[in-house]
Every structure is written in structure tokens, then in C-alpha cells.
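Below is one structure, written out as C-alpha cells; comments come after it.
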Amino acid sequence: MDPSGGRSRSGTYQSTQSVLPATPTASETPAQVAPLDLEAFLTASGAEFESARLSARKAYIYVPTETTNEQAQMIATTAMLYICDHAVQAGEKFPVVNRVEVSDSVSPTSPDYNAAEHPSGFATDAVCAG
Numbered sequence: 018m019d020p021s022g023g024r025s026r027s028g029t030y031q032s033t034q035s036v037l038p039a040t041p042t043a044s045e046t047p048a049q050v051a052p053l054d055l056e057a058f059l060t061a062s063g064a065e066f067e068s069a070r071l072s073a074r075k076a077y078i079y080v081p082t083e084t085t086n087e088q089a090q091m092i093a094t095t096a097m098l099y100i101c102d103h104a105v106q107a108g109e110k111f112p113v114v115n116r117v118e119v120s121d122s123v124s125p126t127s128p129d130y131n132a133a134e135h136p137s138g139f140a141t142d143a144v145c146a147g
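Residues in the sequence shown are numbered from 18 upward in steps of one, following my numbering.
In C-alpha cells:
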């Protein structure tokens with residue numbers, strides 16, 4: 018409490034009101050967005066996939082072996098655009114992953130593996146810059 022009762026040394030009264038920090042406006046704070054849910058997005062978009070997971074700056078989407086390379090590429094690009102859009106909505110500078118890889122779950126090191134028989138596609142965060 019001010020012992021002078023709000024008076025300055027000259028004897029005149031002054032406001033002793035404190036100035037509180039301004040509340041940020043909606044444009045200054047990131048929007049509250051739902052957590053990134055790649056599986057829900059893929060399901061809603063109608064993509065056929067077996068599983069999806071995020072790991073160390075990459076997203077992995079596993080699709081049926083019957084998926085074509087064109088379909089795999091489309092899934093990868095669409096998923097990366099979703100991830101970038103989510104980052105923008107959340108006010109993040111960068112998306113949580115910078116690469117999406119789509120393939121079936123067959124390892125290229127499997128005996129008799131033939132790349133022409135297995136779908137693959139990928140997209141990087143470069144698709145978001147366009």
C-alpha cells in the first residue's frame with residue numbers, strides 16, 4: 018500500500034492503478050485444434066490402409082499389397098497436406114513430421130521381393146510450400 022495515500026511528493030493525487038498485461042487477441046494465439054489423428058483423417062478421406070503411425074519426423078502408412086503406386090503416392094501427398102494444414106491451424110512453425118512413407122508391410126529384404134509387386138509412395142513437407 019502506498020503510505021502517501023496516492024499523493025505525489027508535490028501533494029497532488031496520482032493514479033496508483035497497476036497496468037496488467039494485455040490479453041492476447043485470437044490472431045495472436047494459436048487456435049485450439051484437435052490432436053493430429055492421421056488414422057481418423059485417412060478413414061474419413063476414404064483411403065484404404067491397414068495402419069498408420071508417426072515416428073521421429075516420419076509418418077508410416079501401410080496399405081494393402083493390391084494398392085497401386087499411384088494410389089500410394091496420392092495417399093502420401095494427401096496425408097502430408099493434412100499434416101501441414103494441422104500445423105498451420107495449431108500455430109506451429111513446422112509440421113510434426115517432414116516425410117510420409119506409404120507401402121505395404123512387406124520388407125524389401127524379404128526373399129523373392131519384387132518392387133514392382135509392392136506399392137510405394139512418399140511425400141515430404143515440400144508439398145506444403147506450393
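All C-beta atoms in this analysis are idealised placements derived from N, C-alpha and C, irrespective of residue type, glycine included. Keep in mind the model is a prediction, meaning the values are calculated, not measured.
Asked: Pairs of beta-carbons, one from the region 89–101 and one from the region 58–66, closer than 8 Å: are there three or more?; Found: yes
Asked: Quick one: Cα of A51 to Cα of P112, how far?; Found: 14 Å
Asked: One question on the structure: do V79 and F58 come within less than 8 Å of each other, judged by their Cβ atoms?; Found: Per the sequence shown, the amino acid found at residue 79 is Tyr instead of Val. The answer is no: Cβ separation not under 8 Å.
Asked: Secondary structure at V144, three-state DSSP: helix, strand or coil?; Found: helix
Asked: Let me check understanding here. Comparing Cα to Cα, which of T85, A69 and L53 lies closest to S137?; Found: T85
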